[in-house]
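Below: one structure, written as structure tokens.
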């Protein structure tokens, strides 16, 4: 495959192949570390293709208001000096959320990027744009196809190993190339929703599969009460819900658990309700 093909051309091929009906955005972030609670985003980059095949790209450095650890800089090359004069996430949160609202997403190992962004939006008191969206994760698609790193996926599916990996803008480009290579295998469904359900199984109620819909009810899928319904746990050990809310769980999990603690339980996902 031709490694010199532009990202714009790659995204337009994806849009044409999938016959997209909503903007589809390839997104990547770089951070100070791996904790949703204590680490911060220092770079966000995304490229969007619309149903009419218009393509736009945005990349921004962000001041994390904390020192960037040397170990993190060694990975992505971003230093304290690089972000010293950049805006904080609080300053860009509203415009970023508006830019991403109504999109579907492609991201490599996207649970991390989505989790970091959700944590930042929550701290900024801005509603997350990741609501009622489809997510396509080439990492999980690779597991589905073959049963690994982004650079390996690009080399395997697109035929070229990227340079300067671990910069958000480079990773956006690499993710798009890995994904279009996967589409060209002709081993995957060619719709956003079907790919989304490979990335996120149909019975998951949150992006991490911590809470699932099974046998007509929402159930915990982790911990000491794995397999039990939220109603059952709420009745026998409401303190367990408070434990989850206070710990470093993903934002979506905390929302579901907080509502369950008040007696408001999830309903069946529409795609299961209609099966």
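Residue numbers (my numbering): 302 to 576. Note that CB positions come from ideal geometry on N, CA and C, so glycine has one too.
What is the DSSP secondary structure of residue 313, reduced to helix, strand or coil? Residue numbering aside, residue 313 sits at position 12 when the chain shown is read from its first letter. Reduced to three states, the DSSP call for residue 313 is helix.
Please go through the same chain and pick out, in chain order, the residues whose beta-carbon is closer than 6 Å to the beta-carbon of residue 500, but skip the five residues on each side of it. What you label residue 500 is simply residue 199 of the chain shown in a count that begins at 1. Excluding residues within five positions, the ones whose Cβ falls inside 6 Å are 436, 437, 438 and 441.
Can the beta-carbon of residue 425 be found closer than 8 Å to that of residue 394? Position 124 of the chain shown, counted from the start, is the residue given in the question as residue 425. Position 93 of the chain shown, counted from the start, is the residue given in the question as residue 394. Yes, these two residues count as a Cβ contact at 8 Å.
Does the distance from the C-beta atom of residue 398 to that of residue 365 stay below 8 Å? For the purposes of this step, residue 398 is identified with residue 97 of the chain shown, where counting begins at 1. For the purposes of this step, residue 365 is identified with residue 64 of the chain shown, where counting begins at 1. No. Outside cutoff.
Continuous beta strand (DSSP E) assignments of at least 3 residues falling wholly in the region 306-355: 325-332 and 342-350
Near residue 358, which residues of its chain fall below 8 Å by C-beta distance, leaving aside the five closest residues on each side in sequence? Translated into positions along the chain shown, residue 358 becomes position 57. Closer than 8 Å at the Cβ level, and outside the excluded window around residue 358, lie 308, 346, 347, 348, 349, 470 and 473.
How far does the alpha helix (DSSP H) with residue 499 in it reach, from first residue to last? As a first step, residue 499 is located in the chain shown; it is residue number 198 there, counting from the start. 493-500 is the span of the alpha helix (DSSP H), which, as asked, contains residue 499.
So, using beta-carbon positions, are residue 315 and residue 455 closer together than 8 Å? Within the chain shown, the letter at position 14 stands for residue 315. Within the chain shown, the letter at position 154 stands for residue 455. Not closer than 8 Å, so no.
By alpha-carbon positions, which one of 362, 372, 383 and 339 ends up nearest to residue 392? Residue mapping note: residue 392 aligns to position 91 of the chain shown, counting from 1. Cα-wise, what sits closest to residue 392 is 362.
Work out the CA separation of residue 543 and residue 446 for me, nearest whole Å. On the chain shown, residue 446 is found 145 positions in, with the first residue counted as 1. On the chain shown, residue 543 is found 242 positions in, with the first residue counted as 1. When rounded, the distance between both Cα atoms is 39 Å.
Could you give the residue range of the alpha helix (DSSP H) that holds residue 422? On the chain shown, position 121 is the one that residue 422 refers to. It spans 411-424 - the alpha helix (DSSP H) in which residue 422 sits, taken as one unbroken run.
Sequence-distant residues of the same chain with beta carbon closer than 7 Å to residue 318, five excluded per side: Here the question's residue 318 lines up with position 17 in the chain shown. The answer, listed in chain order, is 484 and 491.
If we ignore side chains and look at the alpha-carbon of each, how far apart do residue 509 and residue 412 end up? Taking the first residue of the chain shown as 1, we reach residue 509 at position 208. Taking the first residue of the chain shown as 1, we reach residue 412 at position 111. Rounded to whole angstroms, residue 509 to residue 412 spans 7 Å at the Cα level.
Any 3 or more C-beta pairs closer than 8 Å across the region 401-416 and the region 373-384: Not touching, per the Cβ criterion.
Report, in whole angstroms, the separation of the C-beta atoms of residue 324 and residue 408, which I expect to be a contact under 8 Å. Your numbering for residue 324 matches position 23 in the chain shown. Your numbering for residue 408 matches position 107 in the chain shown. Actually they are not in contact, since the Cβ atoms of residue 324 and residue 408 sit about 14 Å apart, beyond 8 Å.
Just to confirm the assignment, what range does the beta strand (DSSP E) spanning residue 518 have? As a first step, residue 518 must be located in the chain shown, where it is residue number 217. Here the beta strand (DSSP E) through residue 518 covers 518-521.
Indicate whether residue 512 and residue 557 have their beta-carbon atoms separated by less than 8 Å. Numbered from 1 along the chain shown, position 211 holds the residue referred to as residue 512. Numbered from 1 along the chain shown, position 256 holds the residue referred to as residue 557. A contact, by the Cβ cut-off of 8 Å.
If distances are taken between C-alpha atoms only, which option among 401, 527, 459 and 502 comes closest to residue 351? Along the chain shown, read from residue 1 onward, the residue named residue 351 stands at position 50. Of 401, 527, 459 and 502, the residue nearest in Cα terms is 401.
Is residue 321 near residue 477, with beta carbons less than 8 Å apart? As a position in the chain shown, residue 321 is number 20, starting the count at 1. As a position in the chain shown, residue 477 is number 176, starting the count at 1. Going by C-beta atoms, residue 321 is not nearer than 8 Å to residue 477.
Is the Cβ of residue 532 closer than 8 Å to any Cβ of chain D? Here there is only one protein chain, and chain D is not present.
For residue 485, which three-state DSSP category applies? As a first step, residue 485 is located in the chain shown; it is residue number 184 there, counting from the start. The DSSP-derived three-state label of residue 485 is coil.
In chain order, what residues of the same chain lie with their CB nearer than 6 Å to the CB of residue 580, ignoring the 5 residues before and after it? Given a span of 302 to 576 for the chain in the structure shown, any question on residue 580 remains unanswerable.
Can you tell me whether residue 476 is helix, strand or coil according to DSSP? Your numbering for residue 476 matches position 175 in the chain shown. Residue state for residue 476 is assigned as helix, using DSSP reduced to three classes.
When you compare each of 541, 338, 331 and 496 to residue 344 by their alpha carbons, which one comes out closest? The residue given as residue 344 occupies position 43 in the chain shown. Taking only the C-alpha atoms, the option nearest residue 344 is 331.
Quick one: does the C-beta of residue 431 sit closer than 7 Å to a heavy atom of the ligand FAD? The ligand FAD is absent from the structure shown, which contains no ligands of any kind.
In three-state terms, what does DSSP make of residue 407? On the chain shown, residue 407 is found 106 positions in, with the first residue counted as 1. Of the three classes helix, strand and coil, the one that applies to residue 407 here is strand, per DSSP.
Work out the CA separation of residue 375 and residue 531 for me, nearest whole Å. The sequence position of residue 531 within the chain shown is 230, counting from 1. The sequence position of residue 375 within the chain shown is 74, counting from 1. Approximately 43 Å between the Cα atoms of the pair.
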